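Asker: Quick one: the structure is below, and I'll ask about it shortly.
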Amino acid sequence: MPFIVAFVFAYITWLVLTAGTNGLLWSTQELIAGLIFAGIVAYATKDIVGEESTRFLNPIRWLEWIAYVPVLFWGMVKANFHVAYLVITGKIRPGIVKVPVELEKDAQYTILANSITLTPGTLTIDACPKEKALYVHWIDIPEGLERPESSEPVAGPFEKWARRLGK
């Protein structure tokens, strides 16, 4: 089953990325190339997708991911303006902080770590599920938040979304 799920996901991704090269339809060569590449990707990732692979076929999960995109985008916009302000004023206070998180699965850690890293001014250095923490390099640590008690100051709403998306 993991191969089939990975194949379907890769082929749909291929179709989305190649749409519009020949109007809204695909040429025969594009469809065949998509089948070949989706087969290669599915074979290479079937062990990574794992036994819980059917969760990727749930349309509700796709809608949750689509709903997450504006949240992530808004976080990136706010962080870009903040970093621009820091560059102009030269007032930075960089450091590495241990961010406590309440996540259970590796997928949740991955989603949260990548979301934090995508926002300018932060970089996830390490994820420690045993410690229930992420180590994040933060360009501007506010006074008193050297040891945050939750992920909210660093990650905003991303932890809540990571918990939902990675279940």
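Numbering-wise, the sequence shown is residues 24 to 190 according to the working numbering.
Ideal Cβ placement from N, Cα and C applies to all residues, glycine included.
Remember, it's a predicted structure, so these values are computed and weren't measured experimentally.
(1) Mind listing, in chain order, the continuous beta strand (DSSP E) runs of no fewer than 3 residues lying wholly within the segment 93-156?
(2) How long is the line joining the alpha carbons of PRO143 and TRP97, rounded to whole angstroms?
(3) Does the contact criterion of 3 or more C-beta pairs under 8 Å hold for the segment 61-71 versus the segment 161-177?
(4) How would you label GLN131, buried or exposed, when you count the other beta carbons within 10 angstroms and need 16 or more for buried?
(5) May I have the straight-line CA-CA distance separating ALA26 from ALA33, to the nearest angstrom?
(6) In angstroms with no decimal places, state the Cα-to-Cα distance between ALA61 and LYS128.
(7) Do you know whose CA, among GLY179, THR112, LEU40, lies nearest ILE139's CA?
(8) Below 8 Å on the Cβ atoms is my guess for LEU58 versus LEU95; work out the distance and round it to an integer in Å.
(9) Would you say TYR91 and LEU188 are within 8 Å of each other, going by their C-beta atoms?
(10) Quick one: what's VAL159 bridged to in DSSP?
(11) Is the beta carbon of ILE134 sitting closer than 8 Å to the one on ALA56?
(12) Can the beta-carbon of ILE148 be found less than 8 Å from the beta-carbon of PRO117?
(13) Helix, strand or coil for LEU168? Go by DSSP, reduced to three states.
(14) Suppose the cutoff is 8 Å on Cβ atoms and the five residues either side in sequence are ignored; what does the same chain contact list for ILE119 look like?
(15) Are PRO123 and GLU172 touching if we call contact CB-CB under 8 Å?
(16) Please work out which residues of its chain come closer than 7 Å, Cβ to Cβ, to GLU87, disregarding the five sequence neighbours upstream and downstream, and give them in chain order.
(17) Can you tell me whether TRP37 is buried or exposed? The criterion is at least 16 other CB atoms within 10 Å of its CB, across all chains shown.
Answerer: In short, the structure shows the following:
(1) 118-123, 145-151
(2) Your numbering for residue 143 matches position 120 in the sequence shown. Your numbering for residue 97 matches position 74 in the sequence shown. So the alpha carbons of these two residues sit roughly 12 Å apart.
(3) no
(4) Residue numbering aside, residue 131 sits at position 108 when the sequence shown is read from its first letter. Buried is the call here.
(5) Taking the sequence shown and counting its residues from 1, one reaches residue 26 at position 3. Taking the sequence shown and counting its residues from 1, one reaches residue 33 at position 10. The question names Ala, but residue 26 in the sequence shown is Phe. Each residue's alpha carbon lies about 10 Å from the other.
(6) As a position in the sequence shown, residue 61 is number 38, starting the count at 1. As a position in the sequence shown, residue 128 is number 105, starting the count at 1. Distance between the alpha carbons of ALA61 and LYS128 is about 27 Å.
(7) Numbered from 1 along the sequence shown, position 116 holds the residue referred to as residue 139. Comparing Cα-Cα distances from ILE139 to each of GLY179, THR112, LEU40, the minimum goes to GLY179.
(8) If you number the sequence shown from 1, residue 58 lands on position 35. If you number the sequence shown from 1, residue 95 lands on position 72. Their Cβ separation, rounded to whole angstroms, is 31 Å, which puts LEU58 and LEU95 out of contact at 8 Å.
(9) In the sequence shown, the residue the question calls residue 91 occupies position 68. In the sequence shown, the residue the question calls residue 188 occupies position 165. Their beta carbons are under 8 Å apart, which means TYR91 touches LEU188 by this criterion.
(10) Within the sequence shown, the letter at position 136 stands for residue 159. Answer is VAL120, THR147, bridged to VAL159.
(11) Taking the first residue of the sequence shown as position 1, residue 134 is located at position 111. Taking the first residue of the sequence shown as position 1, residue 56 is located at position 33. Result no, Cβ atoms of ILE134 and ALA56 do not sit closer than 8 Å.
(12) To locate residue 148, count along the sequence shown from 1; it is residue 125. To locate residue 117, count along the sequence shown from 1; it is residue 94. Contact: no.
(13) Taking the sequence shown and counting its residues from 1, one reaches residue 168 at position 145. Reduced to three states, the DSSP call for LEU168 is coil.
(14) Reading the sequence shown from its first residue, position 96 is the one you call residue 119. Excluding positions up to five away in sequence, the list reads ILE148, TYR158, VAL159, HIS160, TRP161.
(15) Position 100 of the sequence shown holds residue 123. Position 149 of the sequence shown holds residue 172. Taking 8 Å as the Cβ cut-off, PRO123 and GLU172 qualify as a contacting pair.
(16) Position 64 of the sequence shown, counted from the start, is the residue given in the question as residue 87. Closer than 7 Å at the Cβ level, and outside the excluded window around GLU87, lie ARG187, LEU188.
(17) Counting from 1 along the sequence shown, the entry for residue 37 is found at position 14. Under this definition TRP37 is a buried residue.
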